[in-house]
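Beneath this line is the structure, given in structure tokens, with notes to follow.
Chains as they are written, first to last, in the working numbering: chain A, 1 to 534; chain P, 1001 to 1107.
Below is the structure:
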């Protein structure tokens, strides 16, 4: 045994440890790598136990992550507060320690006492000078550790720290990217009359941050649009982003005023995500898409354009979320015209190193959007980031209200479910107002098509649902429409359910119902009535 | 459902409910539940003001007719206010429900 503990041999032993870390790093997971290291350490230092504890900085607690000799430590998830017990002191002092006769008060972990450990040697795991954990070895027989052995253990700890840090960064990066990917909508909702496109661009090197965007339909035909940026980078920012995204959606269902929604989100951050900060724009398009209500929490102003370059929307800007204090948040309503392109973005789009923000904003304001949202998105990105490596992640979201021509028929396909009725009505109202329908005609068309669509929603399909197709076009004396489903007809069930057909018959001037194996088709013809009375 | 906002004013035994928004199959049931909740046992008359309702169809009418029948059982009077030219008045008249739901005469 004595020859194994000679100083000369220590150099050779260290080389063998290093060989383990270098080759193992490439294919082992952190835990397997640490176990491999601990096995070697136990053998080379001739000790009975070897343990690695990693610091959980959120709780200032050391958690046993790998152990040989007393494997129960890992299964039991032993946690040692910083500064307490043997490992806690090594971590708090950030230097090695030796206990030759372990007494009960020396250690916080009862398993060491139960295991009959007599002598302990511990060294800190350091990463850039910060303690990230502790490596300690224990011997049942009482022994003295040579300075060379302390040094060897420290060298092993350094290798372990390197491996842990490398794997942690990789895990963080992969998790953040995965989270970001799962939270940014891959496919945006299909909304009649609205053309939507978006891009999320990670920073160079693939680092993700806390940028997000969201588009969702709200009850009764309104549409919510969100863009936001959580301060910070990596996994933590991505996690906070995910929480804010869900909370905003929840508040959006309950409150219609964007300022109210952001105010509640702010309170949520200040209570549950203390210390986090985020900038957000939340905009709600009215069902007609004739106006948008916008509230900004310290976020860069969305820009808009119709047949020309982008210009910032004239919207009041309130402080970011999470900065504290009671803030009265405000909503600005901005009128929109058909064909208007709204552009939402995060600072990664307009910021460049060594440049003031205004230059980026001016560059964006020179962009003339394309004919579709997708094209506009591409144009904006190529103009702003075409030739530079983005230093920060960036998100761009373009929403374009469709220009509707009076001659162009309206074609809408929606899932046959109750929430589609409001979306359908929104599209009909927009189309009818462009087609110049008088209030009486508008009301009759809305009601008759609404009732025909309600029939399809209630009776055409089973629980699996199916599509609802509506087509509306002008004729010289008024409007014609066809409402189709691909389900099978069944009679209405329940009391008071036959009223819909009577409404259809009174609102339309001609009604033809075709029922076939491939569904029901209701053809409606409306004529302008001079007196406006049915 | 926030898209249909109800404001409720109680004046003694009279409950006055004003609705703002659209009523369709998507929120009619929720409207029915909300209306039931605002009527207390001490209520003798309910006025539902539909002047600010932009759309009302058979789903909403079903709720109003149901409410009228339940209130009748409790000897509570229902009146529906909807000025001339409003979508709600129009559809109530179209379906002949004016006497059933107590539609107030146009002014």
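All C-beta atoms in this analysis are idealised placements derived from N, C-alpha and C, irrespective of residue type, glycine included.
- Within the same chain, 1042, 1043, 1044 and 1045 come within 8 Å of residue 1013 of chain P by CB-CB distance, once the 5 residues on both sides are set aside.
- Membership of residue 473 of chain A in the beta strand (DSSP E) is indicated by the continuous run 467-475.
- Within the segment 414-428 of chain A, contact with chain P at the beta-carbon level (separation under 9 Å) is assigned to 417, 418, 419, 420, 421, 422 and 425.
- As the crow flies, the alpha-carbon of residue 103 of chain A is around 16 Å from that of residue 122 of chain A.
- Residue environment for residue 344 of chain A: buried (at least 16 other C-beta atoms within 10 angstroms of its C-beta).
- Between residue 377 of chain A and residue 397 of chain A, the C-beta spacing is below 9 Å.
- Only 1055, 1057, 1058, 1059 and 1061 from the segment 1045-1061 of chain P bring a Cβ to less than 7 Å from some Cβ of chain A.
- Here residue 213 of chain A carries a strand assignment [DSSP, helix/strand/coil].
- At a cut-off of 9 Å between beta-carbon atoms, residue 499 of chain A makes contact with chain P.
- Using a Cβ-Cβ distance cut-off of 8 Å, the segment 156-174 of chain A and the segment 188-198 of chain A are not in contact, since fewer than three pairs of beta carbons, one from each stretch, lie closer than that value.
- Under DSSP, residue 303 of chain A forms a beta bridge with A:312 and A:343.
- Sequence-ordered contacts of the segment 497-526 of chain A with chain P read 499, 500, 502, 503 and 506 [C-beta pairs closer than 7 Å].
- Exposure of residue 314 of chain A is indicated by the presence of fewer than 16 other C-beta atoms within 10 angstroms of its C-beta.
- The beta-carbon distance between residue 62 of chain A and residue 137 of chain A, rounded to whole angstroms, is 16 Å. This is too long to meet the 8 Å contact definition.
- Residue 1014 of chain P is outside the set of residues whose beta carbon lies under 9 Å from a beta carbon in chain A.
- Around the CB of residue 51 of chain A, 16 or more other CB atoms lie within 10 Å, so the residue is classed as buried.
- The beta carbons of residue 479 of chain A and residue 525 of chain A sit closer together than 9 Å.
- Taking each of A:417, A:232 and A:49 in turn and checking the Cα distance to residue 115 of chain A, the smallest one comes out for A:49.
- Going by beta carbons, residue 252 of chain A and residue 218 of chain A fall inside the 9 Å limit.
- Considering only beta carbons, the part of the segment 1015-1034 of chain P lying closer than 8 Å to chain A consists of 1021, 1022, 1024, 1025, 1026 and 1027, in chain order.
- Classified as exposed, residue 357 of chain A has fewer than 16 neighbouring CB atoms from the shown chains inside 10 Å of its CB.
- Listed in chain order, the positions of the segment 1057-1091 of chain P with a beta carbon within less than 9 Å of a beta carbon of chain A are 1057, 1058, 1059, 1061, 1062, 1065, 1066, 1085, 1087, 1090 and 1091.
- CA-to-CA, the gap between residue 461 of chain A and residue 1027 of chain P works out to about 20 Å.
- Residue 454 of chain A belongs to the set of residues whose beta carbon lies under 9 Å from a beta carbon in chain P.
- By the C-beta density criterion, residue 1092 of chain P is buried, having at least 16 other C-beta atoms within 10 angstroms.
- Bridge pairing for residue 524 of chain A: A:481 and A:511 [DSSP].
- Using a Cβ distance threshold of 9 Å, residue 317 of chain A and residue 224 of chain A do not count as a contacting pair.
- Taking C-beta atoms under 8 Å as the contact rule, residue 1057 of chain P and residue 503 of chain A qualify, at a distance of about 7 Å.
- DSSP places residue 413 of chain A inside the beta strand (DSSP E), whose first and last residues are 410-415.
- For residue 73 of chain A, the nearest beta carbon of chain P is not closer than 9 Å to its own beta carbon.
- Residue 354 of chain A and residue 1019 of chain P have their C-alpha atoms some 55 Å from each other.
- Straight through space, the alpha carbons of residue 305 of chain A and residue 203 of chain A are spaced by roughly 27 Å.
- DSSP, reduced to helix, strand and coil, places residue 356 of chain A outside both helices and strands of the structure shown, so it counts as coil.
- A straight-line Cα-Cα distance of about 54 Å links residue 33 of chain A and residue 257 of chain A.
- The alpha-carbon of residue 93 of chain A is positioned some 31 Å away from that of residue 273 of chain A.
- For residue 381 of chain A, the enclosing alpha helix (DSSP H) covers residues 373-385.
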